[in-house]
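**Student:**
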Amino acid sequence: MSLFQPFTGSRHTVWLALGVGLLGLSGTAAGFVQNPAHAYHSYLVAFAYWVSISLGTLVMLCTFHASGAVWMTVLRRQMETIASGLTVGVLLFLPLLTGMKHLYVWADTEKAALGLHDHAWELMRHKAPFLNMVTFVVGTLLCFGTWALVSELLFKWSRDQDTRPGDEQPLKKMRALAAPALVAIALTMSFAALAWLMSLEPLWFSSMYGVYYFAGSFLAAFAMVTLVTVVPEDERLQGAYVSEEHLHNLGKLQLAFTAFWAYIVFSQFLIIWHANQAEEAPFFLARGLSRVAPAQAFGEHRVLSHSGDAWWPVSLFLMLFHFALPFLFFLSSAAKKSRKYLAFMSVWLLLVHYIDLFWAVMPAKRLVTPALTAPSLEWTDVTAFFGVGGISVAFVWWRMHGRYAVPVNDPALGASLRYQQP
Numbered sequence: 021m022s023l024f025q026p027f028t029g030s031r032h033t034v035w036l037a038l039g040v041g042l043l044g045l046s047g048t049a050a051g052f053v054q055n056p057a058h059a060y061h062s063y064l065v066a067f068a069y070w071v072s073i074s075l076g077t078l079v080m081l082c083t084f085h086a087s088g089a090v091w092m093t094v095l096r097r098q099m100e101t102i103a104s105g106l107t108v109g110v111l112l113f114l115p116l117l118t119g120m121k122h123l124y125v126w127a128d129t130e131k132a133a134l135g136l137h138d139h140a141w142e143l144m145r146h147k148a149p150f151l152n153m154v155t156f157v158v159g160t161l162l163c164f165g166t167w168a169l170v171s172e173l174l175f176k177w178s179r180d181q182d183t184r185p186g187d188e189q190p191l192k193k194m195r196a197l198a199a200p201a202l203v204a205i206a207l208t209m210s211f212a213a214l215a216w217l218m219s220l221e222p223l224w225f226s227s228m229y230g231v232y233y234f235a236g237s238f239l240a241a242f243a244m245v246t247l248v249t250v251v252p253e254d255e256r257l258q259g260a261y262v263s264e265e266h267l268h269n270l271g272k273l274q275l276a277f278t279a280f281w282a283y284i285v286f287s288q289f290l291i292i293w294h295a296n297q298a299e300e301a302p303f304f305l306a307r308g309l310s311r312v313a314p315a316q317a318f319g320e321h322r323v324l325s326h327s328g329d330a331w332w333p334v335s336l337f338l339m340l341f342h343f344a345l346p347f348l349f350f351l352s353s354a355a356k357k358s359r360k361y362l363a364f365m366s367v368w369l370l371l372v373h374y375i376d377l378f379w380a381v382m383p384a385k386r387l388v389t390p391a392l393t394a395p396s397l398e399w400t401d402v403t404a405f406f407g408v409g410g411i412s413v414a415f416v417w418w419r420m421h422g423r424y425a426v427p428v429n430d431p432a433l434g435a436s437l438r439y440q441q442p
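In our numbering, the protein residues as written are 21 to 442.
Here's what the structure looks like:
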């Protein structure tokens with residue numbers, strides 16, 4: 021059975037992805053010089069996007085081990101390799117450090133003070149223990165250290181299981197680590213969302229923002245795992261051996277977390293819309309989703325009004341195509357069992373996840389540039405996406421090369437291959 025032979029896919033794929041990544045990063049570096057404000061925001065979107073997929077997959081993997089699920093065993097190796105992309109993520113974080121003042125208004129206090137009202141400046145001072153370079157850098161390193169440690173341990177013990185038939189210790193170690201790892205990942209993922217994304221608008225705050233980033237990441241992770249399962253037509257990979265029952269479960273999970281993402285986004289909006297506070301409303305006003313324009317701490321009333329008009333179509337697009345379309349699609353059992361339809365919808369969810377992060381990041385550019393631009397796709401958005409993505413894909417593909425596509429000695433593998441809906 022080809023599934024029980026090490027996967028030795030073409031190394032040309034690794035070099036191709038690496039070449040695309042290096043070319044993309046080179047183009048983005050040129051953008052850092054030519055148009056630094058937009059280029060660094062482009063890079064942040066791409067960085068947060070690709071990290072979110074690996075991070076969401078790591079959460080999925082830990083949930084699988086903590087729950088002792090059987091049906092996902094045949095998919096486990098792909099989850100392990102995608103999650104291992106977090107190991108290279110810390111290197112991809114470094115370019116952000118060169119452009120902090122082009123991203124975060126709190127990183128350039130002298131510039132920020134010129135546009136701040138007294139009350140806003142006082143709020144910034146109260147947030148100084150969090151909004152500073154030391155906390156940002158050390159916190160990010162701790163996040164990646166935690167994620168890389170968990171993913172590498174799970175990957176190592178899984179490989180140990182491949183070479184030790186009958187040895188139950190590797191599986192016991194993985195399951196023992198999973199539950200406490202989920203707690204650590206939840207805390208560090210929340211910090212990352214607040215530090216990387218929410219602090220772009222330092223006077224705005226939301227207690228749900230960490231869950232918002234998690235919801236989009238988890239949905240994108242399911243989409244990516246589904247895509248790499250249904251698309252490759254290679255007998256050495258797990259996709260050739262999953263049944264309609266596995267596909268049906270993956271589709272149901274995507275349905276569930278499409279609804280969960282919409283619930284979190286709407287709940288966050290509803291609470292802030294109802295309160296209509298001066299520090300909270302600008303986030304949604306800048307995206308065309310607030311009822312009133314309160315006095316703005318940054319003196320940006322006119323800018324926010326124009327921003328809302330420009331970004332409202334993007335907000336509407338996300339309502340319709342990040343929630344309504346996938347939700348209606350996944351209601352069909354036949355669609356959830358079709359490889360062709362699942363592949364299309366997985367690509368679609370990965371696309372709208374990028375647009376969602378673009379919507380979260382780009383309007384904040386108004387705080388570090390004198391003039392606000394309408395939403396548009398610049399060339400650095402493309403180069404950053406393929407730059408970060410190419411390096412990530414090359415690393416993940418390299419980790420997969422020469423290894424079994426499934427955990428061949430896992431005692432639950434046979435039951436997973438024969439899985440039927442209860």
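Beta carbons are placed, not taken as given, at the ideal position from N, Cα and C, and that holds for glycine.
Predicted model, so just to flag it, every value in this text is computed and none were measured.
Could you work out which residue in 47, 171, 148 is closest to residue 416 when comparing CA atoms only?
**Tutor:** 171
**Student:** Check whether the Cβ of residue 247 sits closer than 6 Å to any heavy atom of the ligand NAD, and report yes or no.
**Tutor:** Although the ligand NAD was asked about, the structure shown includes no ligands whatsoever.
**Student:** Tell me the residue span of the alpha helix (DSSP H) that contains residue 347.
**Tutor:** 345-350
**Student:** What's the call for residue 329, buried or exposed, on a 16-neighbour Cβ count within 10 Å?
**Tutor:** exposed
**Student:** Under 7 Å Cβ to Cβ from residue 285, same chain only, skipping five residues before and after it: list those, please.
**Tutor:** 232
**Student:** Throw me the rounded Cβ distance for the residue 88 and residue 195 pair, which I believe falls under 8 Å.
**Tutor:** 7 Å
**Student:** Exposed or buried, residue 291, counting other C-beta atoms within 10 Å across all chains shown (16 or more means buried)?
**Tutor:** exposed
**Student:** When the Cα atoms are used, what is the spatial distance from residue 322 to residue 298?
**Tutor:** The predicted position of residue 322 is uncertain, since its pLDDT is 45 and thus under 50; a value taken from the coordinates is nonetheless stated next. One C-alpha to the other measures close to 15 Å.
**Student:** Using 8 Å as the cut-off, can you tell me whether the region 58-74 makes contact with the region 105-122, which would need three or more C-beta pairs spanning the two stretches below that distance?
**Tutor:** yes
**Student:** Put residue 27 into one of helix, strand or coil per three-state DSSP.
**Tutor:** strand
**Student:** Between the Cα of residue 247 and those of 360, 71, 353, 49, spot the shortest distance and give me the residue it belongs to.
**Tutor:** 360
**Student:** Tell me, to the nearest whole angstrom, how far the beta carbon of residue 224 is from that of residue 300; I am working on the premise that it is less than 8 Å.
**Tutor:** 6 Å
**Student:** Using three-state DSSP, classify residue 195 as helix, strand or coil.
**Tutor:** helix
**Student:** Going by alpha carbons, who is nearest to residue 410 out of 69, 54, 53?
**Tutor:** 69
**Student:** Taking contact to mean 3 or more Cβ pairs, one atom from each stretch, closer than 8 Å, check whether the region 345-361 and the region 266-282 are in contact.
**Tutor:** yes
**Student:** Reducing DSSP to helix, strand and coil, say where residue 423 ends up.
**Tutor:** DSSP, read as helix, strand or coil, puts residue 423 in strand.
**Student:** Decide if residue 71 is buried, meaning its Cβ has at least 16 other Cβ atoms within 10 Å, or exposed.
**Tutor:** buried
**Student:** If we ignore side chains and look at the alpha-carbon of each, how far apart do residue 213 and residue 227 end up?
**Tutor:** 11 Å
**Student:** Which class does residue 383 belong to by DSSP, given the choice of helix, strand or coil?
**Tutor:** helix
**Student:** Compute the Euclidean distance between the alpha carbons of residue 230 and residue 145, then round it to the nearest angstrom.
**Tutor:** If I take the Cα positions, the gap works out to 23 Å.
**Student:** Let me know the secondary structure DSSP gives residue 118 once reduced to three states.
**Tutor:** coil
**Student:** Would you kindly report the start and end of the unbroken alpha helix (DSSP H) that includes residue 229?
**Tutor:** Unbroken alpha helix (DSSP H) run through residue 229: 229-250.
**Student:** So, at 6 Å on beta carbons, what are the nonlocal neighbours of residue 168 in its own chain, with the 5 sequence-adjacent residues on each side left out?
**Tutor:** 106, 107
**Student:** If you draw a straight line from the alpha carbon of residue 406 to that of residue 204, how long is it in whole angstroms?
**Tutor:** If you take the alpha carbons of residue 406 and residue 204, they lie about 30 Å apart.
**Student:** Taking 8 Å as the cut-off, does the region 74-93 touch the region 44-59 (at least 3 CB pairs, one atom from each stretch)?
**Tutor:** The region 44-59 vs the region 74-93: no contact.
**Student:** Answer with buried or exposed for residue 475, where buried requires no fewer than 16 other C-beta atoms within 10 angstroms of its C-beta.
**Tutor:** It is not possible to answer for residue 475, since the shown part of the chain is limited to 21 through 442.
**Student:** From 263, 219, 96, pick the residue whose C-alpha is nearest to that of residue 182; which is it?
**Tutor:** Here the closest residue by C-alpha is 96.
**Student:** Can the beta-carbon of residue 76 be found closer than 7 Å to that of residue 287?
**Tutor:** no
**Student:** Quick one, are the C-beta atoms of residue 344 and residue 73 less than 7 Å apart?
**Tutor:** no
**Student:** For residue 426, count the other beta carbons within 10 Å of its own beta carbon; 16 or more makes it buried, fewer makes it exposed. Which is it?
**Tutor:** By the neighbour-count rule (16 or more Cβ atoms within 10 Å), residue 426 is buried.
**Student:** State buried or exposed for residue 188, treating a residue as buried only when at least 16 other CB atoms are found within 10 Å of its CB.
**Tutor:** exposed
**Student:** Report the CB separation of residue 430 from residue 191 in whole angstroms; it is logged as a contact under 8 Å.
**Tutor:** 7 Å
**Student:** My output table needs one value for residue 128: the three-state DSSP class, helix, strand or coil.
**Tutor:** coil
**Student:** Which class does residue 171 belong to by DSSP, given the choice of helix, strand or coil?
**Tutor:** Per DSSP, reduced to three states, the secondary structure at residue 171 is helical.
**Student:** Looking only at its own chain, which residues have a Cβ that is under 6 Å from the Cβ of residue 198, when we skip the five neighbours before and after it?
**Tutor:** For residue 198, where only same-chain residues beyond five positions count, the Cβ hits under 6 Å are 82, 85, 86.
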